[in-house]
Amino acid sequence: MSELAQQVDTYRQRVDTYLAQTFNQRPGLSQSLNAAMTYGSMQGGKRIRPFLVYATADLFNIPLCDCDALAAAVECIHAYSLIHDDLPAMDDDDLRRGQPTCHIAFDEATAILAGDALQTLAFELLSQVDSPFNAHQQIAMIRTLADASGQNGMCGGQALDLAAEDQQVTVAELERIHAGKTGALIRAAVKLGALSHTEISPEQLTHLDQFASAIGLAFQVQDDILDIISDTETLGKPQGSDQANNKSTYPSLLGLDGAQQKAQQLYQESLQALTKLDYNTELLEQFAHYIIERKK
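Residues 4 to 299 (the working numbering) make up the sequence shown, in order.
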C-alpha cells in the first residue's frame with residue numbers, strides 16, 4: 004500500500020470514528036432525524052475534505068487528535084450539501100455512493116432536516132468550549148467554513164449551476180460555478196488545517212489557497228470526465244447525469260482531450276504553489292496527482 008493510500012485510510016478511519024461517536028453522543032430529539040444524519044454522512048465516500056484538513060495540519064506537526072473536530076465539521080457540511088443536491092428540487096438523483104439517496108431511504112422532509120442539522124452540527128463542532136484552539140483561531144475557522152458554505156461559496160455555486168441548466172456557458176463561467184460549488188469547501192478544508200497552526204503567515208495561507216484552488220477545480224474537471232468515460236457501478240452514482248440534466252461541463256466545452264489537458268494544467272499549478280512552502284509537501288503532491296488520476 005502506498006504512503007498516500009495508508010494516510011487516506013488512517014484519516015478516513017479517524018473522521019469516521021469521530022463522526023460515529025458524535026452521532027451516538029448527540030441523539031437529539033428525533034431518532035429518525037439522527038438516523039438520516041448518520042445515513043447521509045456515513046455511507047462511505049472518499050473523505051477528501053477531511054484528508055486535506057489532516058494533511059495540511061500535519062505540515063505544521065499539529066496533533067491529529069486536535070483536528071478531528073475540524074475534519075468532521077467540513078465533512079458534515081459536505082454531507083449536508085450532497086443530501087440537498089440529491090433532492091428532487093435540485094439534481095433529483097436517487098443513487099449516491101452506490102446506495103439510495105437520503106430522501107429515497109427516508110423521505111424528502113427528513114432529508115431536508117438532516118441536511119439542515121448537519122450544517123448546524125458543523126459549527127457546533129468548531130465552537131466547542133474544550134477546543135485545543137484559542138478563541139481567535141476558532142473564530143477564523145468558523146468564518147472560513149461559513150464563507151465557504153454560503154452565498155459566496157457552495158450555495159452560491161449551486162445557485163449558478165441550477166441557473167445554467169439548459170444554457171450554454173463559457174469556460175470562465177463554468178469555473179466560477181465550480182469554484183463555488185466544489186472548490187470553496189476544498190479550499191476551506193485546507194485553510195482549516197492551516198489555521199490550526201498559531202504561527203501561520205499570510206504568505207503561507209496564500210500559497211496553500213493557490214494549491215487548494217487548483218486541486219478544487221481539477222477535482223471537478225475529473226468528475227466531468229468520469230461522468231463520460233466511467234459507469235454507474237464504478238461511480239456509485241448515475242453515470243451521464245450531467246448530460247441528462249443539460250449541464251455544461253468541461254468536456255462539453257473543451258472536448259474530452261481538452262478537459263484532460265485542463266486537469267493536467269491545474270495539477271501543475273497545484274504543484275507550483277506547493278514549491279513555495281518550506282515544508283515537506285510530498286503527501287499533498289501525491290494527493291494532487293490522485294485527484295486527476297482517480298477512477299471514481
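The beta-carbon is built from N, C-alpha and C at its ideal position, and this holds for glycine as well.
What you are looking at is a predicted structure, and each value in this text was computed from that prediction instead of being measured.
- Sequence-distant partners of Ile107 (beyond 5 residues in either direction) whose C-beta falls short of 6 Å from its own C-beta, in its chain, are Asp97.
- With respect to Ala187, Gly156 sits close: the two C-beta atoms are nearer than 8 Å.
- When Cβ pairs closer than 8 Å are counted between the two stretches, the segment 147-155 is seen not to touch the segment 5-20, the count staying below three.
- Distances from the CA of Gln131 to each of Cys70, Ala23, Ala191 and Ala291 were compared; the closest alpha carbon is that of Cys70.
- Contact between Glu78 and Ser44 holds, with the beta-carbon distance rounding to 7 Å and staying under 8 Å.
- When Ala120, Ala192, Gln171 and Ala291 are compared, the shortest CA-CA separation from Tyr270 is found for Ala291.
- Listed in chain order, the non-local C-beta contacts of Leu211 below 6 Å within the same chain comprise Val193 and Ala197, local neighbours out to five positions each way being set aside.
- Listed in chain order, the non-local C-beta contacts of Ala82 below 7 Å within the same chain comprise Gly43, Ser44 and Leu121, local neighbours out to five positions each way being set aside.
- Per DSSP, the unbroken alpha helix (DSSP H) holding His81 starts and ends at Asp71 to Asp88.
- By the criterion of a C-beta distance shorter than 6 Å, Ile218 is surrounded in its chain by Ser273, Ala291 and Ile294, once the five residues flanking it on both sides are discounted.
- Cβ neighbours of Pro91 within its own chain (closer than 8 Å, five residues either side excluded): His106 and Glu111.
- For Pro205, the enclosing alpha helix (DSSP H) has its first and last residue at Pro205 to Ile232.
- Leu98 is bridged by DSSP to Pro103.
- Cβ atoms of Gln225 and Thr185 stay farther apart than 8 Å, at about 11 Å.
- Here Leu22 is not near Ile80, since their CB atoms are 8 Å or more apart.
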